[in-house]
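Listed in order, the protein sequences are those of chains A and B. The numbering used here numbers the first residue of the first sequence as 100 and each following residue consecutively. The numbering used here numbers the first residue of the second sequence as 38 and each following residue consecutively. Note that the Cβ used here is the ideal one computed from N, Cα and C, for glycine as well.
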Amino acid sequence: MAVIGLMPDPGPATRPARSRLRRRLLRSPPALAAALVLALLLLGAAAAPWLAPADPYDPMSVDIFDARTPPLEAGPSGRFYWLGTDNQGRDLLSAILYGLRTSLLVGGAAVGLAMAVGVPLGLLAGWSGGLVQAAIMRAADVQLSFPTILVALLFDGLAQALLPGAGRGLTAYGVVIGAIALASWAHFARPVRGLVLVEAQKAYVDAALIAGRGRAAILALHILPNIAAPILVIATLSLVLAILTEATLSFLGVGLPIDEPSLGTLVQNGQHVLAAGEWWIAGVPGLALVLLALSVNLLGDWLRDASDPRFARPGGWWR
Amino acid sequence: MFAFVINRLLQSLLAVLAVLLLAFALFYYIGDPGATLLPPEATPAERTELRSRLGLDQPVPVQFAAWLGRVAEGDLGHSYRQGRPVAAMLADALPATLELAVVATVMALAAGVLLGVFTALARDHPAAHAVMALSLIGVSLPTFLTAVLLIQVFAVDLGWLPSGGRGEVGRGLIDLGGWTTGLLTAEGWQRLLLPALTLALFQTTLILRLVRIEMLQVLDGEVVRMARARGLPRRLVWFRHALKNTLVPVVTVAGLQFGVVVAFAVVTETVFNWPGLGKLFLQAVRTVDIPVMAGYFLVVAVAIVVINLLVDLFYLLLDPRLRHPLAGGASPAWQ
């Protein structure tokens, strides 16, 4: 629901040649900038163990006397901090690099899971019609009328009631990923069904039917590749939602445990010391999160325009 | 049209049923009432006795019916943590959330429509480009960061507004017989402003984009061409004809988004220490207080379903095209 307006029902797919995509990317400065920023963030996240000046979650590498050092200054211990330290003396640059890693891992896994559930259900609903379609689509409608964050919070609370230790370690990751995926499978199922309905009318499907292909094969081998581009666009915009939901859950203290690196938890730490003038403890991780969300959003918008000329209206790159 | 209304009513009933079943399951299968009402050393006989006294040995449909009866009377059980009736806790928190959500929605509508009209009419003006670029940042800014940013600027740096709390009766709040309101005092408004702005920002970007797209489409459409051909002045065409055609979908989306506003009130209320439903729910999630979770879910989910239904019927009332028999189960284009 929260992505209404960003996510119009994608139309039939057209597959632009790769070189055309690249040329278009070069012609759109905001998309190009977003791609560069995203590449940097991805690189930083992937190489965090080698790039980070310290392991922020290893108590041995944290000097409590360096706590609350502002950015670009050295702490009392003489160590220099590019982005400052938080209220426990953790190097914020390192914590953010590890936090980006978590954001992308959790967001990617949640979107992957939502796709793995939502796309087949959408294909099934679009192709079979009748009772199956009615059941899947009503379920999607009910799901879509409740906001992502509400569903995720409820799932989170349930998991904590049912699973002992749900708030700790790997289980916590599983719970957060599951909560976000549960809240977003319908973002895929609904448009995919619409796309299948359009594709099923086309001659190539008739040709495959005449050639004796089975239903499953037609869906998987013929229709799916043809609707891959709009699915990819939805996945991109879904990724932003998933990343922001993880950060929000962790900020609220019901997502990842506080000893796991998450941008949401870092902002939560900093929120308590805002009044003391230490803006960077919440501000710098917050900025990293916005840069990540903004660059993926921009690329998603651009991808939508580039992959389907119907959306590329004159007058602005943001549509 | 008749088929559409029936279809839509059935769909809402289905959603309410799903919500009721889930809330019931929460109460009875996850929050085992026996576990909380008896001491751990209770004998099996005592447990059996309690189960039959509570009706837990009855078939599930009978239990469900009994539970429905109690819900209908306003009995949502008792909080595990505070021992208070859940219904009373929800009723105490309701005014805070409702005032926050309504003020935020009004702010979002006003700002969103104004900016949307501006960016559509002056589409090549640099300021319009700036607004659109900002709106993209707006959708990439999670609610909790907006809250932190506003607190930093308006409470810490400028010191104009308080950073949290709704005040108390006598200090910002006025008790109107069971409904505490902050809308009647200056201090109440000061306290309301930052949380409402936080909640309104995301909605504003959404409404802005919607108004702009709708307005651009209407401006290129026949209504405007005909009006211009009749020789009506430009401003009249813009605001009488174009804007009017834009507002129906905007009101619809604002209605549908009310659920999102309430959901994100969880975040806003937590950051601003605002004693509303969202804060209550989050505390329940943190402390695994099942009856409160189930009660909140029941109330909010049913409210969302009812609002969505009303919005769809309202849409039908306003847009005659949908009433045509051929339109059948057509839903608004953006869904």
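Chain B contact residues for residue i, given Cβ-Cβ distances below 7 angstroms
i, result
"P246(A)", "G296, V297 and A300"
"G211(A)", "The premise fails here: G211(A) is roughly 21 angstroms from chain B at the closest Cβ pair, so nothing lies under 7 angstroms."
Short Cβ contact (8 angstroms threshold) for residue i with residue j
i, j, result
"L402(A)", "V339(A)", "no"
"I244(B)", "G313(B)", "no"
"S361(A)", "A346(A)", "yes"
"Y117(B)", "P328(B)", "yes"
"G296(B)", "F245(A)", "yes"
"P132(B)", "W226(B)", "no"
"F334(B)", "L125(A)", "no"
"A224(A)", "A288(A)", "yes"
"A341(A)", "A209(A)", "yes"
"L231(B)", "F309(B)", "yes"
"A374(B)", "G315(B)", "No statement about residue 374(B) is possible, as the shown extent of chain B runs from 38 to 372 and does not include it."
"L222(A)", "L150(A)", "no"
"A328(A)", "S227(A)", "no"
"V366(A)", "P384(A)", "yes"
"L354(B)", "L236(B)", "no"
"T344(A)", "I276(A)", "no"
"G292(B)", "F239(B)", "no"
For residue i, the nearest candidate out of the options (CA to CA)
i, options, result
"L234(B)", "A338(B), Q254(B) and L198(B)", "L198(B)"
"L178(B)", "A405(A), D400(A) and L390(A)", "L390(A)"
"H278(B)", "M252(B), L171(B) and Q95(B)", "M252(B)"
"Q232(A)", "A134(A), L296(A) and P263(A)", "L296(A)"
"A141(B)", "V325(B), V298(B) and L353(B)", "V298(B)"
"L346(B)", "V304(B), V290(B), T305(B) and W311(B)", "V290(B)"
"A124(B)", "L317(B), L195(B) and G204(B)", "L317(B)"
"F179(A)", "N186(A), L171(A) and D185(A)", "L171(A)"
"G293(A)", "A260(A), I330(A) and G268(A)", "I330(A)"
"E377(A)", "V185(B), L210(B), A266(B) and T241(B)", "V185(B)"
"Q370(A)", "A264(B), A192(B) and R160(B)", "A192(B)"
"G143(A)", "P128(A), A194(A), A319(A) and D157(A)", "A194(A)"
N-terminal and C-terminal residue of the beta strand (DSSP E) that residue i is part of
i, result
"D305(A)", "Careful: D305(A) lies outside any beta strand (DSSP E), inside the alpha helix (DSSP H) at A302 to I309."
"I211(B)", "G209 to D212"
Alpha carbon of residue i to alpha carbon of residue j, nearest angstrom
i, j, result
"V287(B)", "W284(A)", "26 angstroms"
"A223(B)", "A321(B)", "32 angstroms"
"A457(B)", "T307(B)", "Residue 457(B) lies beyond the range of chain B shown here (38 to 372); nothing can be said about it."
"H166(B)", "A157(B)", "10 angstroms"
"A307(A)", "A316(A)", "9 angstroms"
"L135(A)", "F101(B)", "57 angstroms"
"L151(B)", "L171(B)", "15 angstroms"
"T85(B)", "D94(B)", "8 angstroms"
"L192(A)", "A280(A)", "29 angstroms"
"V285(B)", "R272(B)", "20 angstroms"
"L139(A)", "V205(A)", "19 angstroms"
"I326(A)", "S202(A)", "27 angstroms"
"L213(B)", "G207(B)", "12 angstroms"
"A130(A)", "G399(A)", "9 angstroms"
"L319(B)", "W311(B)", "12 angstroms"
"I344(B)", "N282(B)", "22 angstroms"
"A381(A)", "R122(A)", "38 angstroms"
"V342(B)", "V53(B)", "7 angstroms"
"G258(B)", "A264(B)", "10 angstroms"
"L220(B)", "R237(A)", "40 angstroms"
"R228(B)", "G209(B)", "8 angstroms"
"I309(A)", "A299(A)", "13 angstroms"
Residue i: contacting residues in chain B (beta-carbon distance under 8 angstroms)
i, result
"V241(A)", "L51, A52 and A55"
"W379(A)", "Correct list: empty, because the minimum Cβ distance to chain B is about 11 angstroms."
"V366(A)", "F181, L182 and V185"
Run of the alpha helix (DSSP H) containing residue i, from where it starts to where it stops
i, result
"R200(A)", "L191 to S227"
"G256(A)", "T247 to L261"
"G143(A)", "P128 to A145"
"Q367(A)", "L362 to Q370"
"Q254(B)", "A223 to L256"
"V374(B)", "Examination of residue 374(B) is not possible in this model, given that chain B is present from 38 through 372 alone."
"I344(B)", "I327 to L355"
"S349(A)", "A327 to F350"
"Q100(B)", "V97 to A109"
"Y272(A)", "G268 to E298"
Cβ-heavy atom distance, residue i to the ligand NAP, below 7 angstroms
i, result
"Q187(A)", "Questions concerning the ligand NAP fall outside what the structure shown contains, since it holds no ligand whatsoever."
Where residue i meets chain A, residues with beta-carbon distance less than 7 angstroms
i, result
"Q227(B)", "By Cβ distance, chain A contributes nothing, its closest Cβ being about 17 angstroms from Q227(B), past 7 angstroms."
Neighbouring residues, chain B, relative to residue i (Cβ below 9 angstroms)
i, result
"V423(A)", "The requested residue 423(A) is not part of the displayed model; chain A covers only 100 to 418."
"A194(A)", "By Cβ distance, chain B contributes nothing, its closest Cβ being about 17 angstroms from A194(A), past 9 angstroms."
Residue i: contacting residues in chain A (beta-carbon distance under 9 angstroms)
i, result
"Q189(B)", "L373, W378, A381 and G382"
"L319(B)", "L252, L351, G352 and V353"
Neighbour list for residue i in chain A, Cβ cutoff strictly below 8 angstroms
i, result
"V303(B)", "I248, L249, L252 and L351"
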